[in-house]
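Numbering (our numbering), first residue to last: 76 to 148. Think of the CB as a built atom: it goes at the ideal place given N, C-alpha and C, for glycine as much as any other residue. Let me begin by presenting the structure, written as structure tokens, before commenting on it.
Okay, structure coming up:
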């Protein structure tokens with residue numbers, strides 16, 4: 076089974092906060108961020124980070140984890 080993993084960056088409407096994450100279903104994850112907007116339980120929700128501004132794809136989960144760490148660093 077072939078999977079694709081995504082590393083992505085979202086921002087808030089004011090473009091003052093960035094959120095970096097990884098997922099294997101980008102559309103679902105961005106939808107979740109949008110539905111959680113304004114909810115203080117999550118970082119992306121608290122800061123309204125639901126606007127996708129960048130993403131990368133990789134077939135390997137370990138590459139996705141490494142790249143996410145690199146971007147966060």
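Judged by DSSP secondary structure, residue 120 falls within the alpha helix (DSSP H) whose first and last residues are 118–121. The stretch 125–134 makes contact with the stretch 83–101, as at least three CB pairs between them are under 8 Å. Assignment of residue 112 by DSSP, reduced to helix, strand and coil, places it in the coil class. Excluding five sequence positions before and after residue 99, the CB atoms of its chain that fall closer than 6 Å to its own CB belong to 78, 80, given in chain order. Here the C-alpha atom of residue 92 lies approximately 7 Å from the C-alpha atom of residue 122.
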